[in-house]
Structure formats: structure tokens, C-alpha cells
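To keep things clear, I will list the structure first and then write my remarks on it.
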Amino acid sequence: IPVERIRNFSIIAHVDHGKSTLADRLLEHTGAIKPGGQNQILDKLQVERERGITVKAQTASLFYEYNNEQYLLNLIDTPGHVDFSNEVSRSLSACQGVILLVDSNDGVQAQTVANFYLAFGNDLVIIPVLNKIDLKNADPAKVTQQLQSLFDIQADEVLKISAKLGIGIDSVLEAIVTRLPSPKVARNGPLKALLFDSSYDKYRGVLSLIFVKQGSLKVGENIQSCYTQKQYEVKTLSLLRPQEQPVEQLVAGQIGLVGCNMRSSQEALVGDTIHLFGQKVEALPGFQPIRPMVFAGIYPMDQSQHVNLRSAIEKLTLNDSAVSVEIDSSPALGQGWRLGFLGLLHLEVFSQRLNQEYGAEPIITAPSVIYKVKLKPTKQNVKEGKDVITINNPALWPEPQQIEESFEPMVIGTIITPDKYLGPIMSLCMERRGVQRNATNIDNDRIMLQYDLPLCEIVIDFHDMLKTISSGYASFDYEDNGYVSSNLVKMGVLLNNVAVEELSSIVHITKSQTMGKKLVLRLKEIIPRQMINIAVQAVVGGKVLARQDIKAYRKDVTQWLYGGDVTRRKKLLAQQAAGKKKMRMIANISVPRETFIDVLKK
Ligand code: GDP
Ligand code: MG
Numbered sequence: 046i047p048v049e050r051i052r053n054f055s056i057i058a059h060v061d062h063g064k065s066t067l068a069d070r071l072l073e074h075t076g077a078i079k080p081g082g083q084n085q086i087l088d089k090l091q092v093e094r095e096r097g098i099t100v101k102a103q104t105a106s107l108f109y110e111y112n113n114e115q116y117l118l119n120l121i122d123t124p125g126h127v128d129f130s131n132e133v134s135r136s137l138s139a140c141q142g143v144i145l146l147v148d149s150n151d152g153v154q155a156q157t158v159a160n161f162y163l164a165f166g167n168d169l170v171i172i173p174v175l176n177k178i179d180l181k182n183a184d185p186a187k188v189t190q191q192l193q194s195l196f197d198i199q200a201d202e203v204l205k206i207s208a209k210l211g212i213g214i215d216s217v218l219e220a221i222v223t224r225l226p227s228p229k230v231a232r233n234g235p236l237k238a239l240l241f242d243s244s245y246d247k248y249r250g251v252l253s254l255i256f257v258k259q260g261s262l263k264v265g266e267n268i269q270s271c272y273t274q275k276q277y278e279v280k281t282l283s284l285l286r287p288q289e290q291p292v293e294q295l296v297a298g299q300i301g302l303v304g305c306n307m308r309s310s311q312e313a314l315v316g317d318t319i320h321l322f323g324q325k326v327e328a329l330p331g332f333q334p335i336r337p338m339v340f341a342g343i344y345p346m347d348q349s350q351h352v353n354l355r356s357a358i359e360k361l362t363l364n365d366s367a368v369s370v371e372i373d374s375s376p377a378l379g380q381g382w383r384l385g386f387l388g389l390l391h392l393e394v395f396s397q398r399l400n401q402e403y404g405a406e407p408i409i410t411a412p413s414v415i416y417k418v419k420l421k422p423t424k425q426n427v428k429e430g431k432d433v434i435t436i437n438n439p440a441l442w443p444e445p446q447q448i449e450e451s452f453e454p455m456v457i458g459t460i461i462t463p464d465k466y467l468g469p470i471m472s473l474c475m476e477r478r479g480v481q482r483n484a485t486n487i488d489n490d491r492i493m494l495q496y497d498l499p500l501c502e503i504v505i506d507f508h509d510m511l512k513t514i515s516s517g518y519a520s521f522d523y524e525d526n527g528y529v530s531s532n533l534v535k536m537g538v539l540l541n542n543v544a545v546e547e548l549s550s551i552v553h554i555t556k557s558q559t560m561g562k563k564l565v566l567r568l569k570e571i572i573p574r575q576m577i578n579i580a581v582q583a584v585v586g587g588k589v590l591a592r593q594d595i596k597a598y599r600k601d602v603t604q605w606l607y608g609g610d611v612t613r614r615k616k617l618l619a620q621q622a623a624g625k626k627k628m629r630m631i632a633n634i635s636v637p638r639e640t641f642i643d644v645l646k647k
């Protein structure tokens, strides 16, 4: 197929607006899959099906006949959640256009706005499509109005479809052919390919998705990465239809999967440029390694599970190059790892996959963002050039007298909400130290707010809180906005006067009092009563800010209840032991596995 008849596109949408359903319909209409078959063919992982979010971008090549000519349409699926906006942008770099899919009942949401600007900033053609017109409450005219006022989109550009019922699917395919340009590529010249995603295959190692920008690539050729300089021999090439279809060659304009015995997905850097060995080319612009934003410690429940957990983490990270891994150890929890994630959802998905795919139930500590601390100059700091340090683990926070200035990461958050929830949402943002940038009416009862917010205030439960106070109607997205100076302190937790580093957190000084009170109350709720009294204290710089006591219960239940009956007593003890499995002994106190991550939720 000549380059003029290739189209590369993505579907971008707020979560649940119907992206996966539309992808299925497009696959059916082009004969790639049988109609009425398995739904949401592109969502492969179990967690994706359960949570209804796409985690890993999937891709499919479709053939479509228009005006008696065959077109090759490459659909590049993108993840649909704020945590994965990096993955959205990397997928978009292989496209010339996007379908901006909006639910005609829900209307424009925060991710619609964020995704629109990602596409717009990449100079992509945008095809606005209203989905779910079959719904009784669909209001396409109102949503068209929103698109016009927010993005200057004209009413006659907007398509109206029902992905569920298969209405208007041809109009979408036709718009892809007629409105999108073909990729700007050159079939001659040395190979230049963009690596934009990777996955791991048990037998073939890392498989990388590439978009060939220039030249061609054949099985058996030797390729090299611009960034790592590593070389590989191409073992397999395939198109995704969406099942793999092996081919001998990929040419400029095509998207395909390369198998080249790459051992670790950490070598498959998204945004990297691939060329033929010995034919150096200039790297494609815009390469940005993905940066984890949220860090958490992961520890086995007991050290006998260490080997299994290590192997599970290794296997999962092979498939998810956005997770960073460092070995870590803690006095209370032993040997473990400190993992970096794109956001809290990413962390939750990872831990759910550890559980579902590998049966692992590790302890996960409360997540932390990356802080920066400028240390007071000492001879040694100056000598080692360590005046500013980065800290992703509250346990490593320096002593107050060592700190000259501390800095925290900020984001610009976008919230779209029906205006009746404006009051509570503004209070929530204020409570989270947010500063309003602007507020825009997007139609007669909906408003878009933008706030400067500290990242640490939104990573844990901001999204949940927002959903709760708006009965699910407000939506949220954010982008990074650098670091600001901030007066931060470390809040420690003592259990019977023993400091539990794994429960410490970094808080803004103005919030330390209220946080301390909440923290000890929360711990009192989470930690069950035991044989001994437990004093729970929150401390900052040696000063106790709050205290709660967990009273001991009196006796071993089995003795006075079932003293005589041996079998019943055994059964009860077995139950108790099973319950205890999920507990961890810290300072002679049994602490439930989930404590570390739950403690910061409200
Ligand atoms: P995604 O999160 O954007 O991938 O959304 P999905 O494709 O998973 O769809 C979310 C929900 O909306 C599912 O329950 C779909 O069945 C439903 N849905 C998708 N398209 C339509 C449509 O055109 N009409 C109706 N009524 N429901 C739809
Ligand atoms: Mg989906």
C-alpha cells in the first residue's frame, strides 16, 4: 500500500466515554474481527477488564476500502487515565490525527480537555465524535456547544455515533481517510523508526512497537538504538491485525512489532530512535524518558516470600517499563524494594497484578512524591557536591537542623464540574493547599476550574474525594508544573514509643497539627486490639502532636469459650492463624498489611 493511503490515528477520550467499544466496532467494520464476538478486544489484562481502564497501549492495523481503493489504517490505542498521560503522549507521536470521542450525555470532561491539548500541541488533526447518541439523556447539541466554546470546533465537523449500536461507524472511517493526512515519511534513505511502546513475551523477550519514518527494515538486519547504542538482530517482524501477522519487511509509514531478543523492557525506551547498525541517523525529536512520580516501598509479608516476590516484580516490570525498581530495606519490614510509579492508580494496578497474576500479597508502604532538600552547607556537603538532595522516601528525610530549604513538586490540575458542586470542590482544593488559576463556564451549568496544587496533596485520595463530593460528576486531570519552595516537616509515628519509619510522611507545616490528629485516629481504627496496650503517637521534630491509645483485650478467647472442646479450639486457632497471616509484627504489635497504604487515606 502506497504511503498516500496510510493513516495513523488514536482515539482519545475521557474514561468510559466508549473508546474500547469504538475500537471494537472499527475492527469489526474492517473485517479484522468477527462482529458480535469478544468485546473490547484491545483491553487484554484482567485488571483492565475489571477496572474498565486501558493500562497498556495496544495497536491494530486495519484495511479499509474507500472509493475502490485499499487504505491501511493504524489504530493506536492509548491508556485512558490521568496517571498514564505520558503514555498517551508517546502514542500520539506516531499519529497524524485523533478521534476526540466525547460521551453525548456526560459531555466534555477533564481528560477530554487534557487529551485535546496533547493532540493540539502535537499538531494533529482532530476529528470530534459524539458517542452514545442512543442514550435517552444524550444532548449532542449541548456537547457540540461545549466543544465550540472550549476548542473552537465547528458544529459541522462533529460526527454523531453510537459505538454500542454500531451507528455512524462508517462516517468515522470515512473521516479518517478524508480528513487525516498520510504520514510524512520517506521510503528511500536509511532506516529511521520511532519506538513508541513495548511488551514482554515469555519466549521472544521484549517486543517493541515501532513506527517506520524512513527507509525499511527486514528480518535478519542488525539494528541499533540511538539512545543506548545497543545492537540487536531482528528476529521477527509482524503487523497487528490485531493478532500478529508475521511479515518479512516493514516499510516507511507502517507500524509493526519487532522482536530482536531484547532482554529487558528497560532497554526499550519509549521515544527512542532505531536505525540500522552502521547507518547512523539523527535522532527523532522529543525524546523524554518516562519519570516515575510516586514511590512506595514493597516488602514481603515475611522473608520466606522474598524470592517469590522478587521474581514476580521482575516479571511485571519486564512488561511495564514505566515502573522503576531499587532495592531497599527497612528495620521493621526487612529486605524489600522501592518502586516508582506514574501515579497512585498505576501503583494500585501494579499491586493488583502482583496479586492476580502471581498470587503475591506484599506490604506496600504509603506512597511518597519526590521532594528536594537544600542542605545547610557543611564541609562535607560542599566537598561531595551534595547541597541539594532528592528524597523519595520519608524515612530518609534529614534532621530539621540540617535543612536550609525544602521544595515540593507542583501540578496544574483541571477540574470540570456541574456548577452546583462548585462550593465543596473549592473547599477541597483549598484544604489541599490549592491556588486557583482560573474558572471558565463551558456551558450554562458546567464550569472548568484550574488550580495550582502540590502533587503530594492529590496522589493519595484527591480523585476519590472529588468523585464523592460531586456524586461522581466532577472529573480531574493534571500536568506537572515543576518545584516550589515549601515549608515541609517529617511526621513520625511511634507505636509504644518505637518509631515506625515506614509510617512516617512528609507534611506541610501548616497541616501538621490536623494531620497528626487524623493519623493517630486512623491508626487506632486500623490496628486491632491486642494482648497489650498500644500508645499511638504522631511526632514532629521530637514533639508529640497527638496520641491515641488502643486498649488491650483481656484474655485468649479460646480458653474461656471452648476450653474443653479440642476440635473446635483447633479450628478457631487455625482461623486466627490465617487472619494473622495478613498481619506483620512491628515493635511487638501486629499491624495489618494494608495499614501502610491506608493510613494516609481519609
Ligand atoms: P472506555 O473507557 O472509553 O474504553 O469506554 P468503554 O468502551 O469501556 O465503554 C464504557 C461503557 O460505555 C461501557 O459500558 C459501554 O458498553 C458503554 N458504551 C460505549 N459506547 C456506547 C454507546 O454508543 N451507547 C451506549 N448506550 N453505551 C455505550
Ligand atoms: Mg477502555
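UniProt numbering applies: residue 46 is where the sequence shown begins, and numbers increase by one.
All C-beta atoms in this analysis are idealised placements derived from N, C-alpha and C, irrespective of residue type, glycine included.
DSSP places Y248 in the coil class of the three-state scheme, outside both helix and strand. A straight-line Cα-Cα distance of about 9 angstroms links L498 and Y523. Restricting attention to E453, Y496 and F54, the CA atom closest to the CA of A155 is found in Y496. DSSP places G458 in the strand class (E or B) of the three-state scheme.
Here G537 is near S549, since their CB atoms are less than 8 angstroms apart.
Per DSSP, the beta bridge partners of H553 are L533. Residue state for C474 is assigned as helix, using DSSP reduced to three classes.
Restricted to the segment 138 to 204, the beta strand (DSSP E) segments that are unbroken, complete and at least 3 residues in length are 142 to 148 and 170 to 176, listed in chain order. In this structure, the straight-line span from the alpha carbon of L225 to that of Y116 is close to 12 angstroms. Distances from the CA of E371 to each of A105, F641, E359 and F322 were compared; the closest alpha carbon is that of E359. The three-state reading of DSSP puts K562 in helix, counting H, G and I together. Taken in chain order, the unbroken stretches of beta strand (DSSP E) that lie wholly in the segment 48 to 73 and span 3 residues or more are 51 to 58. Bounds of any alpha helix (DSSP H) do not take in M576, whose DSSP letter is neither H nor E.
Taken from the Cβ of A208, at least one heavy atom of ligand 1 lies inside 7 angstroms. Uninterrupted beta strand (DSSP E) stretches at least 3 residues long and entirely within the segment 385 to 422 occur at 416 to 420, given in chain order. Taken through DSSP and simplified to helix, strand or coil, K229 comes out as coil. Under the 8 angstroms Cβ criterion, the segment 284 to 303 counts as touching the segment 253 to 263, having at least three qualifying pairs. Contact between A632 and L540 holds, with the beta-carbon distance rounding to 5 angstroms and staying under 8 angstroms. Straight-line measurement puts the Cα of A159 at about 16 angstroms from the Cα of N483.
Residue environment: P345 is assigned as buried (16 or more neighbouring CB atoms within 10 Å of its CB, all protein chains considered). With fewer than 16 other CB atoms across the displayed protein chains lying within 10 angstroms of its CB, E476 is exposed. Setting aside the 5 residues that flank it on each side, G587 has no residue in the same chain whose C-beta is closer than 7 angstroms to its C-beta. Within 7 angstroms of the C-beta of H74 there is not a single heavy atom belonging to ligand 1. In this structure, H508 has its beta carbon at no less than 7 angstroms from each heavy atom of ligand 1.
The beta carbon of Y528 is closer than 8 angstroms to those of K417, F452, E453, P454 and M455 in its chain, skipping five residues each way along the sequence.
In the structure shown, the three-state DSSP call for T104 is strand.
Counting along the chain, Q425 sits inside the alpha helix (DSSP H) bounded by residues K424 to E429.
Going by DSSP, N364 is part of the alpha helix (DSSP H) stretching over H351 to N364. The three-state reading of DSSP puts M346 in coil, since its state is none of H, G, I, E or B. As DSSP reads the structure, M307 sits in a beta bridge with V251. The C-alpha of R70 is placed about 10 angstroms away from the C-alpha of L218.
Exposure of G517 is indicated by the presence of fewer than 16 other C-beta atoms within 10 angstroms of its C-beta. According to the DSSP secondary-structure assignment, V504 is paired through a beta bridge with no residue.
Distance check between F256 and each of V545, D317, D215 and P287 places D317 closest, using alpha-carbon atoms only.
For S65, the Cβ falls inside the 7 angstroms cut-off from some heavy atom of ligand 1.
Here K465 has D490 as same chain residues with Cβ atoms under 8 angstroms from its own Cβ, once five neighbours each way along the sequence are excluded.
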